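Just so you know, we're using our numbering here: the sequence shown kicks off at 985 and counts up by one. The block underneath contains the structure these notes are about, expressed in structure tokens.
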Amino acid sequence: MSKRVADIVVETLQQAGVRRCYGIVGDTLNHVTTAIHGSDIDWVHVRHEEVAAFAAGADSLVSGQLTACAGSCGPGSLHFINGVFENNRNRAPMVLIASQVVTSELGMEFPQEVDFKAVYSTCSVFCEQVYSAEQARRVVALACQAAISRRGVAVVILPSDISEQAVKHDPPFAVHYTHPVLRPGDDELLRIAELLGQGKRIGIYAGAGCQGAHAPLLELARRLQAPIAHTSRAKDFVEPDNPFNMGMTGIFGIESGFHAVMECDTLLLLGADFAWGQYYPDKATIIQVDHDGSHLGRRHPVTLGVVGDVGPTLEALLPMLPPREDAGFLDECIGHREKALARRAEEEAPGEGELIHPQYLTALLDQHADDDALFTADCGSPMVWVLRHIRVNGRRRTLTSLLHGTMANAMPQALGLQKAFPGRQVVALCGDGGLSMLMGDLLTAVQENLPIKIVVFNNGSLNFVELEQKVEGLLDYYTELKNPDFGKLAEVIGFHGRTVTRSQDLALAVQDLLAQPGPALLDVHTAPTELVMPPQVEAGQVIGTARYMAKAVLAGRIGEVKELLADNFLKR
């Protein structure tokens, strides 16, 4: 019995584990969406394809399930591009079905024709077109296999005339889930043990590759009496119940994390590919463990680099490491951690009157959200606040755009997480610029009945860009935003909406937001001049900010300088 290609495509996706497909219907995709309607795959109808890709990637990354997106020809499938870049860099397994104009018109500059292979080959682990009906199952199976095995986005380009053709000979190509064990050789493990044995001040720098390796990581720290710093992407996997945790380093980190990495004499990098070379110690012995050999030594020179997954590597290494007695460096770092956490608690204090510190807002969300809540945050200052002020416990998860660094990710990612986890609380920390960029998909939350909770950090500006300009000694230009009342706007759409402008009203408003049974939005007017302070203030940053203040005074903007000083140093 023959089958249509569209049915074969959907059947193969379903057999590969796809449960949700995000997208917008349209002409060249119609046969595929008809097949989806007759399958067990849930179609999630968004208002913009970029949102579909963000949502599908968040769903995949946190749920661990393969997800899919699908779009019509030309602009429809092209709109996915930014979300595809995000997901591929996040290593989120996803398949994009990019439907195409009919094959007889390809290469003829037909209306809406786009060379998808040229576009998507730069941001995917697999990108191929289906050239004949008989190829359909094989190509889709290969795409799913690549997305799962190489952890990224796979793109299948499907001309509309092929999608409606019938196939008589349909070989049973299928997808295979594998679980290989990857660790260094015994001689390499002995060399790691030897180098660690020579260290006096050993530090551990844990990256996202430590997911699933929490227990052996803590046992390693106990045995070495070593502090653990972690990258921002490793927060959820390293921070919970970890007495050795010193926090993040880098510009978003805290001083104790910075100290643990920069003041050690031996540093063990575990699944960490942190990009900024200035945050690695120059005179330390550095040992790097990574599942991808191309990552070894690419950010900073290392003494020894080995290939292996963190969990199996540590399990094989631990028997080779005798317990250390000297806890001097660990105790030193703990002292720095206590001081850093005390300063952070000061930042979380309520402001006065209409001054609402974003750190206070984030601390309230942390305090009142569920123990298994899922948090997303827009790239920019909300990203910093969620990384610094939301505590994770092994059940909570945080997600933001750390590798691609895109605006407008939080609300779409919240949609995907809520779809994947309908019984859990999902909270999106949105910048006013980020939310307004893809604001139309607030309608998706209403249409799909997704009870996401959105908090708008409304400071009337592209705040992170403004801070970047000031640190460089520049006056801030073109960053001001003329915003609506987001709370009232949300009510018109069908959300529960509320706006808060005074610090004393915030605590009850946050509790009310989180208690709403459906989608809800809280518009909070936060301090526009709040500074994101790095763990180590460099001379250039001080000089640049001083130049900005001098220029602002000369330009007649002395009021802004007064607000910056008062909001950050006088009103805490």
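Even for Gly, the Cβ is constructed at its ideal location relative to N, Cα and C. Source: prediction; values computed, not measured.
Quiz item: Does the distance from the CB of Ala1361 to the CB of Trp1369 come in under 9 Å?
Solution: In contact: Ala1361 and Trp1369 (Cβ atoms closer than 9 Å).
Quiz item: Could you give the distance in angstroms between the alpha-carbon of Glu1034 and the alpha-carbon of Leu1434?
Solution: Approximately 18 Å, taken between the alpha carbons.
Practice problem: Apply the 10 Å Cβ neighbour rule to Ala1499 and answer buried if 16 or more other Cβ atoms are within range, or exposed otherwise. | Solution: With fewer than 16 Cβ atoms within 10 Å of its Cβ, Ala1499 is classed as exposed.
Quiz item: Between Gly1136 and Ile1374, what straight-line distance do the alpha-carbon atoms span, to the nearest angstrom?
Solution: Rounded to whole angstroms, Gly1136 to Ile1374 spans 27 Å at the Cα level.
Self-check item: CA-to-CA distance, Ser1047 to Ala1000, given in whole angstroms
Solution: Ala1000 and Ser1047 have their C-alpha atoms spaced approximately 15 Å apart.
Practice problem: Could you please give me the residues that DSSP links to Phe1110 through a beta bridge? | Solution: Per DSSP, Ala1138.
Quiz prompt | Cβ neighbours of Asn1066 in the same chain (closer than 7 Å, five flanking residues each side left out) | solution = Within the same chain, Glu1034 and Thr1390 come within 7 Å of Asn1066 by CB-CB distance, once the 5 residues on both sides are set aside.
Exercise. Could you tell me which of Leu1252, Met1232, Leu1173 and Ala1127 sits nearest to Gln1209, measuring between CA atoms?
Key: The shortest Cα separation from Gln1209 among Leu1252, Met1232, Leu1173 and Ala1127 belongs to Leu1252.
Exercise. Give the straight-line distance between the Cα atoms of Val1291 and Val1273, rounded to the nearest whole angstrom.
Key: For the pair Val1291 and Val1273, the Cα-to-Cα distance works out to about 6 Å.
Quiz prompt | N-terminal and C-terminal residue of the beta strand (DSSP E) that Asp1145 is part of | solution = Counting along the chain, Asp1145 falls outside any beta strand (DSSP E), though it belongs to the alpha helix (DSSP H) covering Ser1144 to Ser1147.
Quiz item: For Phe1441, which residues does DSSP report across the bridge?
Solution: Answer by DSSP bridge pairing, in chain order: Gly1415 and Val1508.
Self-check item: Paired residues, beta bridge with Ala1268 - DSSP
Solution: Answer is none; Ala1268 lacks a bridge partner.
Self-check item: Contacting residues, own chain, Cβ-Cβ under 8 Å from Thr1287 (five flanking each side not counted)
Solution: Leu1179, Thr1269, Ile1270 and Ile1271, listed in sequence order.
Quiz prompt | CB-CB length for Val1324 against Gly1231, believed under 8 Å | solution = Sequence check: residue 1324 is Ala here, not Val. That pair is a contact at about 7 Å.
Quiz item: Do you know whose CA, among Ile1235, Asp1266 and Ala1205, lies nearest Leu1254's CA?
Solution: Distances from the CA of Leu1254 to each of Ile1235, Asp1266 and Ala1205 were compared; the closest alpha carbon is that of Ala1205.
Quiz item: How long is the line joining the alpha carbons of Leu1298 and Cys1194, rounded to whole angstroms?
Solution: The C-alpha of Leu1298 lies about 10 Å from the C-alpha of Cys1194.
Quiz item: Is the beta carbon of Val1068 sitting closer than 9 Å to the one on Val1139?
Solution: Yes. Within cutoff.
Self-check item: Exposure of Gly1481, with buried meaning 16 or more beta-carbon neighbours within 10 Å
Solution: Result: buried.
Quiz item: Taking one C-beta from the stretch 1320-1340 and one from the stretch 1196-1203 each time, how about it: are there three or more such pairs within less than 8 Å?
Solution: No contact exists between the stretch 1320-1340 and the stretch 1196-1203.
Exercise. Kindly indicate the opening and closing residues of the beta strand (DSSP E) around Gln1084.
Key: Counting along the chain, the beta strand (DSSP E) containing Gln1084 begins and ends at Met1078 to Gln1084.
Self-check item: Through-space distance from Ile1438 to Glu1330, alpha-carbon basis
Solution: Those two C-alpha atoms are separated by around 25 Å.
Quiz item: Taking the continuous beta strand (DSSP E) assigned at Trp1027, which residues delimit it?
Solution: Unbroken beta strand (DSSP E) run through Trp1027: Asp1026 to His1029.
Quiz item: Does the separation of the CB atoms of Ala1190 and Ala1158 fall below 9 Å?
Solution: Going by C-beta atoms, Ala1190 is not nearer than 9 Å to Ala1158.
Self-check item: Sequence-distant residues of the same chain with beta carbon closer than 6 Å to Asp991, five excluded per side
Solution: Once the five neighbours on either side are set aside, the close Cβ partners of Asp991 are Ala1019.
Practice problem: Go ahead and label Val989 buried or exposed: buried means 16 or more other beta carbons lie within 10 angstroms of its beta carbon, across all protein chains shown. | Solution: By the C-beta density criterion, Val989 is buried, having at least 16 other C-beta atoms within 10 angstroms.
Practice problem: Buried or exposed for Lys1152, please, with buried defined as at least 16 other CB atoms from any protein chain shown within 10 angstroms of its CB. | Solution: By the neighbour-count rule (16 or more Cβ atoms within 10 Å), Lys1152 is not buried but exposed.
Practice problem: Specify, as a first and last residue, the run of the beta strand (DSSP E) that Tyr1006 falls within. | Solution: Boundaries of the beta strand (DSSP E) around Tyr1006: Arg1004 to Gly1007.
Practice problem: Would you kindly work out how many angstroms separate the C-alpha atoms of Glu1247 and Val1484, rounded to a whole number? | Solution: The straight-line gap from Cα to Cα measures roughly 44 Å.
Quiz item: Excluding the five sequence neighbours on either side, which residues of its own chain have a C-beta within less than 8 Å of the C-beta of Pro1143, listed in chain order?
Solution: Take Pro1143, set aside five residues on each side of it, and the residues of its chain with a beta-carbon closer than 8 Å to its own are Thr1012, Ser1083, Gln1084, Val1085, Val1086, Thr1087, Leu1090, Gln1113 and Val1114, in chain order.
Quiz item: Roughly how far, in whole angstroms, is the beta-carbon of Asn1442 from the beta-carbon of His1509, given that I think they are within contact range, below 8 Å?
Solution: Asn1442 to His1509, Cβ: 5 Å. Contact.
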